[in-house]
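Structure first, then comments.
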Amino acid sequence: MRKAVVALVCVLALLGAGSVANADPAPSSTVSVAPASVAPGAAVTFSVTLSNADADPLKGGKLGLGVANGAINQLFDVSTCALCYQAGNTIRYDVGDVPVNGSKTFTFSIGVFANAQHGQYVIEHQFVGDNYSYETLEGPTVTVS
């Protein structure tokens, strides 16, 4: 009986240790926008930090921007951002390679279509690379009024 209790305690300790080791790392991308409320036809400025916490360098890094309801093509006019381009249902901004534990911080502006529908749009962002990518995160919100 004593051996069984000791074995059970060891198994529980291992299970508990595994949950601590899997703590979420810092976000791979952080995005803020100003102004948060904008009129159709105006522009917003994105401030972005992309961070590589992986054990390998990220090759061909880029920011991927989307909108939670898939309306990126009805909200932002990619032609108003000199360094942006369309990739499917996302807008991309290239930042190049990012070394292990490295980061890239940058800002850019993009116009809101003059005929954009009023409402709140949750921005989705992802740190995308040629050799691997990070998760898609939500936030911030842009209000068109």
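For the sequence shown, the positions run -23 to -1, 1 to 122 when mature numbering (1 follows the signal peptide of the UniProt record, and there is no 0) is used.
Note that CB positions come from ideal geometry on N, CA and C, so glycine has one too.
Buried or exposed for residue i, please, with buried defined as at least 16 other CB atoms from any protein chain shown within 10 angstroms of its CB.
{"i": "ALA93", "result": "buried"}
{"i": "ASN29", "result": "buried"}
{"i": "GLY47", "result": "exposed"}
{"i": "SER122", "result": "exposed"}
{"i": "TYR111", "result": "buried"}
So the beta strand (DSSP E) residue i belongs to, where does it begin and stop?
{"i": "ALA11", "result": "6 to 11"}
{"i": "HIS95", "result": "Counting along the chain, HIS95 falls outside any beta strand (DSSP E), and DSSP gives it neither H nor E."}
{"i": "TYR111", "result": "Taken as a continuous stretch (DSSP letters only), TYR111 belongs to no beta strand (DSSP E), as it is neither H nor E."}
{"i": "GLY88", "result": "80 to 89"}
{"i": "VAL77", "result": "Run containing VAL77: none; DSSP gives neither H nor E here."}
Between residue i and the rest of its own chain, which residues show a CB-CB distance below 7 Å, the 5 nearest in sequence each way excluded?
{"i": "VAL52", "result": "One detail in the question is off: residue 52 reads as Leu in this sequence, not Val. Excluding positions up to five away in sequence, the list reads VAL44, VAL89, PHE90, ALA93 and TYR98."}
{"i": "PRO12", "result": "VAL21"}
{"i": "LYS39", "result": "ARG69, TYR70, ASP71, VAL72 and VAL105"}
From the options, pick the residue whose C-alpha is nearest to that of residue i; which is it?
{"i": "GLN103", "options": "ILE87, ALA20 and LEU114", "result": "LEU114"}
{"i": "HIS95", "options": "PRO4, SER80, VAL8 and GLY18", "result": "GLY18"}
{"i": "ASP107", "options": "ALA48, ASP54 and LEU35", "result": "LEU35"}
{"i": "VAL77", "options": "ALA32, SER24 and VAL15", "result": "ALA32"}
{"i": "VAL21", "options": "ILE87, TYR111, VAL105 and TYR109", "result": "ILE87"}
{"i": "SER24", "options": "SER6, PHE83 and LEU42", "result": "PHE83"}
{"i": "GLY41", "options": "ASP74, GLN63 and VAL15", "result": "GLN63"}
{"i": "TYR109", "options": "VAL75, VAL15 and GLY116", "result": "VAL75"}
So, for residue i: in the same chain, excluding its five sequence neighbours on each side, which residues have a beta-carbon less than 8 Å away from its beta-carbon?
{"i": "CYS61", "result": "VAL55, ILE68, ARG69, TYR70, PHE85 and ILE87"}
If we define contact as Cβ-Cβ less than 8 Å, is residue i a contact residue for chain B?
{"i": "THR82", "result": "In the displayed structure, chain B is absent; only one protein chain is listed."}
I'd like the ranges of any alpha helix (DSSP H) spanning at least 4 consecutive residues and lying wholly in the region 19 to 61. 49 to 52
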